[in-house]
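Enquirer:
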Amino acid sequence: DHRAIPVIAYGPLSDYLMAGLKSRFHVLEVAADADPAALDPAVKDARALVSFGAVGAGAAIMDALPRLEMIGLFSVGYDKVDVDHARAKGIRVSNTPDVLTDDVADLAVGLLFATARNIAAYDRMVRSGAWARGEGVPLSARVTGRRIGILGLGRIGRAIAARLEPVAGEILYHNRRPQADAHYRYIADRIDFARQSDVIMVATSGGAETSRLVDAEMLEALGPKGVIVNISRGSVIDEDALVAALTDRRIAGAGLDVFANEPHVPAALFDMDQVVLQPHQGSATVETRQAMADLVLANLDAWASGRPLVTPVA
Ligand code: 8YV
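Taking the UniProt record's numbering, the leading residue of the sequence shown gets 3, the next gets one more, and so forth.
Next up, the structure:
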C-alpha cells in the first residue's frame, strides 16, 4: 500500500491520470510554473513527480525536492527534462514511448495530405461561400509518386515511412548514422537529403542535438515545390527561416503540429493558405492518452514496488 507516499502532480494532468495517481499515492498538486524556492513544506517530502512532459524548472525543481527519487513523464519526448541532472542525483526518469507511435504517425500523414492537397484552405473556401461565388479554386500538389524524406528514422519515423510506402515514389531518410535494418535509402548529408526530397517529414527527437537542424539552407535545398511536415518538436526547425521561406514561396507548404514557443505561433502563418496548423495534437486521441496514462502509472507502480521501470529514460 503506497498511499502514504507523497507524489507531485506537476502541472495539469488528465482527470484519468489524476484518478489513477490518487488511488495509489498521496498526491500533491504543484503548478508547473511554481517557484522551486517557494514550495510548500509538505511538497518538499515528495518522492516522485509526474509531469505532462516538461519539468519546467529543470534542475532547480529536482534540487528543491531532497527526497525525489522518480520522475514519470506523460510524453515520449524528454527534451524538456534535465535528464543528466536527474541521473547525477540518482533520480529515475520514465517516459511513454510506443503507445503513441501510431497516432503521431497518423497525424503526420494526415498533415502531409492536408497540406499538399490544400484541404484546410479548400474547406474555408466552401464555408466562406467563395466556391459558390465561382471564385477560382487553385490546383494542389500530388503526394503519390513523390520522394518522401524521413528526417529521423526512429519509432515514429518508421511508422510514417510504413504508412507512406504504398504511395511514395521513393522513401529516403537522414539520421546521424544509417540504420542497419532499414530498407530505405540513407543520405548522410542533410542538405543532399533535402535536395533529393520532395517532402520532408520531421520525426526526430527534440533537444540540443536537433535544435534548428532544419535551417534556411536545408529549406532552400528542399525547394519551391517542397513540403515540410513537423510532428516532433518546434525546436528542430529554425522557425524564422521557415516563415521566410513560406512567405517568399521558396518552399510550397508546411504542415505543423509543433512550434518553437507553444502555444504561441508566428502570426504570419495565420494568413497562409499553404500552411496547415495543429495545436500539438499528435498523441491526443482518447485511446492513446489513456494508454499513456496507464504507462505512467505502471512506471510509478514499478518504482514504488522496487521493480525495474517499464519504460526507463534514466
Ligand atoms: C505530449 C508529445 O502530449 O509525447 C510527446 O513527446 O509531444 C506529446 O505526446 C506532449 O509532449 C505534452 O506532454
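A virtual CB, placed ideally from N, CA and C, is assigned to each residue, including glycine.
Since this is a predicted model, take the numbers as computed values, not measurements.
1. Considering only their Cβ atoms, is the gap separating A44 from G74 smaller than 8 angstroms?
2. What is the rounded straight-line gap between the Cα of V229 and the Cα of A304?
3. Residues near the ligand COA, CB to any non-hydrogen atom under 5 angstroms, in chain order?
4. Could you say if the segment 51-65 and the segment 137-151 meet the contact criterion of at least three C-beta pairs nearer than 8 angstroms?
5. Below 8 angstroms CB to CB, which residues in the same chain sit around R197 once its five sequence neighbours on both sides are set aside?
6. Under the DSSP definition of a beta bridge, which residues are partnered with N263?
7. So within the segment 85-170, which uninterrupted alpha helix (DSSP H) runs reach at least 4 residues, ignoring any that extend past its ends?
8. Have a look at L19 and R135 and give me their C-alpha separation to the nearest angstrom.
9. According to DSSP, simplified to helix, strand and coil, what is L23?
10. Rounded to a whole number of angstroms, what is the C-alpha to C-alpha distance between A295 and L302?
11. Could you tell me the alpha carbon to alpha carbon distance between L244 and Q181, rounded to whole angstroms?
12. With H, G and I counted as helix, E and B as strand and the rest as coil, what does DSSP make of P38?
13. In the DSSP assignment, find the unbroken beta strand (DSSP E) run with L30 in it and report its ends.
14. Would you mind sorting H176 into buried or exposed? The rule is 16 or more other CB atoms within 10 Å of its CB.
15. Write down every uninterrupted run of the beta strand (DSSP E) in the segment 189-255 whose length is 3 residues or greater and which is fully enclosed by it, in chain order.
16. Quick check on the DSSP output: the beta strand (DSSP E) that includes L279 runs from which residue to which?
17. Could you tell me the alpha carbon to alpha carbon distance between S53 and D275, rounded to whole angstroms?
18. Can at least three beta-carbon pairs, one atom from the segment 95-105 and one from the segment 282-293, be found at a separation below 8 angstroms?
19. Three or more C-beta pairs under 8 angstroms: does that hold for the segment 81-99 against the segment 145-155?
20. Using the rule of at least 16 other Cβ atoms within 10 Å of the residue's Cβ for burial, across every protein chain shown, is residue 2 buried or exposed?
21. What does the Cβ neighbour count give for N263, buried or exposed, with the cut at 16 atoms within 10 Å?
22. Sorted by chain position, which residues of the same chain lie with C-beta nearer than 6 angstroms to G208's C-beta, five sequence neighbours on each side aside?
Expert: Well, looking at it:
1. no
2. Looking at the two C-alpha atoms, the distance is approximately 43 angstroms.
3. Only the ligand 8YV can be found as ligands here, which leaves the ligand COA out of the picture.
4. no
5. A223, L224, G225
6. H266
7. 85-90, 103-118, 121-130, 157-166
8. 49 angstroms
9. helix
10. 11 angstroms
11. 28 angstroms
12. helix
13. 28-32
14. buried
15. Taking only runs of at least 3 residues, the beta strand (DSSP E) segments lying wholly in the segment 189-255 are 201-204, 229-232.
16. Taken as a continuous stretch (DSSP letters only), the beta strand (DSSP E) holding L279 covers 277-279.
17. Their Cα atoms are separated by approximately 35 angstroms.
18. The segment 95-105 makes contact with the segment 282-293; the number of CB pairs closer than 8 angstroms reaches 3 or more.
19. Because the criterion of three Cβ pairs below 8 angstroms is not met, the segment 81-99 and the segment 145-155 do not touch.
20. Lying outside 3 to 316, the shown extent of the chain, residue 2 is not represented and no answer is given.
21. Looking at its Cβ environment, which holds fewer than 16 other Cβ atoms inside 10 Å, N263 is exposed.
22. G79, D81, R235, S237
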